[in-house]
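J.: Structure in structure tokens, see below.
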Amino acid sequence: MSTARDTWHRPPFIANPILRWAVYLGVGVYVLWTIATLPIDWARVAEGLERAQRIFGGAFPPSFARSGLLIDGFLESLKIAILATFGGVLLSIPIAFMAARNISPLPIYYLGRALIIIARSFHPVIVAIIFVKAVGFGPFAGVLTLVVYSIGFVAKMLAERIEEIDFGQVEAMRAAGAPYLSTLFYAIFPQIMPRQIGLTIYQLDSNLRASAVVGIVGAGGIGSTLANAFGRYDYDFALAITMVIVGVILVSEAVSGQIRKRI
Amino acid sequence: MGPAGTGRVRNREIQMLKITELVKRYGSGDPVLKNLNLTIEGESVVSIIGSSGAGKSTLLRCINRLVEPSSGSIVLNGTELTKLRGRELRAARRKIGMVFQGFNLVDRLTVMENVQSGRLGYISTWAAVMRRYPKEDIRRAYELMERVGIAHYADKRADELSGGERQRVGVVRALMQKPEILLADEPTASLDPKTSEQIMGLLRDLAGELKLPVLINIHNVAEAKEYTDRIVGMRYGRIIFDDLPEKLDQDAMDKIYSGSPAADRAGTPGEMREAS
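Residue numbers (the numbering used here), protein chains in the order written: chain P, 127 to 389; chain G, 226 to 501.
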């Protein structure tokens, strides 16, 4: 005498109901407590609004009077991005091989992973501050920063691609008595090549964007031009720079998207 | 010719693979290969049959050390293979051709590059990367590709070929090594029945032409009977049948493919143990 079962509920994410409600309650209480304890000074918000009004008032209309400076800044940013992409990708390849579990011995694997984690753990702005301190203001600091940034992304993604390869091809080379490097070149490179090219183009695009940001802390390029414009209260010039940055990034994203689609 | 010369000629004439007391154990579990003994002499085509998990693939991979044997000995034409390391191991592997179930071709490279990858053990990495293959190797590649009917595909990418054509590339790649023995790990399992027969016929003919012993893992018993000179039946890591194809009767088939697996796995003395 079994009864027909016609209701079903998805099993809850946390099976234990006491724990489940405790987690929900805990999260809610913490959010309320955060809001209650953070010092939000509404007077200062009002003041800020006023200042923002002044900045925007000064920014219109945008001034392209010093477009020579603008173009120089951009060309420098482009150089930084290209150089950093080249260097970063070149270093990323061996690090990616080190950090791929299926082809590296364990100690090398940990070393490779550690390098990637270090490169990833700091935002480019923090890395840029360090490099500006180390090698001084200018584009060289920007290049070094973006090399680190490139390794963090390209090496990680490439290592993951290497871990997904069809290992049968590697086995075939080993079975033929191929030395280690020949095996890499014949069985692994052809498999990761499309991803490698796609990542490089993406990273070039990404480095161009990041080069504007790291320039603000003194690492050269258009970011430095922008920071200077702000520092001298040239808000109209700053707006012009900002608009061009947005435009260039839109274009570079479209171009890199198109290229990656066709690989 | 001095005595050394005669000795070498004799060695090339009588190829021999001798496996003694081979054990392979993965982790701490029951061994996959249990004190296995097998000798292959001359240019015979030998097939290994047995259900999945019998250890056929492990046995083949122990021979070229894609799998590390736990103990025992494998001697190919006077060379003990189980102790080799590094350069010596690679030199030994060059003498052992292997054909794979999934072909294991490099999809994005051309047929010629795939075929030449069989020579990677002989040429420098630099020559391999620059695609500067020795003239002699290129000539040999064309000859072999002509022989198996794929010469007109030399410039095509490997992934443009059909399954049967791909396996022909796999066979040529293995033969490029100038192997002293050819291993084939279920070479026809990914192919349709007709293509499968063609590949088996090709392996048999090439073995005769090149005077090469061939060891084939195979699931298709009918093909094993038709195309090979000797059948080895494996069950749970042991050889329980080793005879001419015509001796493989229903009784032997039952022992290889059915029987009492639980009892055998537990290691209780029984029919299987006597048979081994």
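Backbone N, C-alpha and C fix where the C-beta goes; we use that ideal spot for every residue, glycine too.
(1) Any Cβ of chain P within less than 7 Å of the Cβ of Q402 of chain G?
(2) Under three-state DSSP, which class holds D362 of chain G?
(3) Between the C-alpha atoms of V149 of chain P and W134 of chain P, what's the straight-line distance to the nearest angstrom?
(4) Count the other CB atoms, across all protein chains shown, that sit within 10 Å of the CB of V261 of chain P; report buried if there are 16 or more and exposed otherwise.
(5) So, helix, strand or coil for M355 of chain G, using DSSP?
(6) Let me make sure I understand the geometry here. Which of P:A285, P:T309, P:V269, P:F363 has the alpha-carbon closest to that of L325 of chain P?
(7) For D410 of chain G, is the classification buried or exposed, using 16 other Cβ atoms within 10 angstroms of its Cβ as the cut-off for buried?
(8) Taking C-beta pairs closer than 7 Å, name the residues in chain G that L216 of chain P reaches, listed in chain order.
(9) In whole angstroms, give me the CA-to-CA distance for S203 of chain P and F182 of chain P.
(10) Anything in the segment 340-357 of chain G with a Cβ closer than 7 Å to a Cβ of chain P? List those residues in chain order, please.
(11) Strictly under 7 Å for the Cβ-Cβ distance: is A488 of chain G near chain P by that measure?
(12) Which full runs of the beta strand (DSSP E) of 3+ residues lie inside the segment 283-318 of chain G, going along the chain?
(13) Please list the residues of the segment 240-251 of chain P that have a C-beta atom closer than 9 Å to any C-beta atom in chain G, keeping them in chain order.
(14) Is there a Cβ of chain P sitting closer than 7 Å to that of R365 of chain G, yes or no?
(15) Smallest Cα separation from Q341 of chain G: which of P:A345, P:A298, P:G341?
(16) Below 7 Å on C-beta distance, what does S308 of chain P contact in chain G?
(17) Would A331 of chain G and M370 of chain G qualify as a contact pair, given that the criterion is a beta-carbon distance under 7 Å?
(18) Give the secondary structure of E499 of chain G by DSSP, where H, G and I count as helix, E and B as strand, and everything else as coil.
(19) Using a Cβ-Cβ distance cut-off of 7 Å, determine whether M337 of chain G contacts chain P.
(20) Please name the residue in G:Y461, G:I321, G:T335 whose C-alpha comes closest to that of V300 of chain G.
(21) Using a Cβ-Cβ cutoff of 7 Å, what residues of the segment 274-303 of chain P are near chain G? List them in chain order.
(22) Please state whether DSSP places E266 of chain G in a helix, a strand or coil.
(23) Could you spell out where the alpha helix (DSSP H) holding I221 of chain P opens and where it closes?
(24) Excluding the 5 residues preceding and the 5 following P486 of chain G in the sequence, name in chain order all residues of the same chain whose CB lies nearer than 8 Å to its CB.
(25) How many Å lie between D292 of chain P and F315 of chain P at the Cα?
T.: In terms of the structure at hand:
(1) yes
(2) helix
(3) 24 Å
(4) exposed
(5) coil
(6) P:A285
(7) buried
(8) Simply none; closest approach about 16 Å.
(9) 26 Å
(10) S342, G343, L345, G346, T350, A353, V354
(11) Bear in mind that a pLDDT of 44 at A488 of chain G, under 50, signals an unreliable position, so the model cannot answer this.
(12) 296-301
(13) none
(14) no
(15) P:A298
(16) L345, T350, A353
(17) First, the residue type needs correcting, since residue 331 of chain G is Val and not Ala in the sequence shown. For V331 of chain G and M370 of chain G, no; Cβs fall outside 7 Å.
(18) Confidence at E499 of chain G is low in this model, with a pLDDT of 37, below 50, so the placement of that residue is unreliable and no value is reported for it.
(19) no
(20) G:I321
(21) G294, Q295, E297, A298, M299, R300, A301, A302, G303
(22) strand
(23) 193-224
(24) Legend: pLDDT at P486 of chain G = 49, less than 50; position of this residue unreliable, value from coordinates given subsequently. The residues are Y461.
(25) 12 Å
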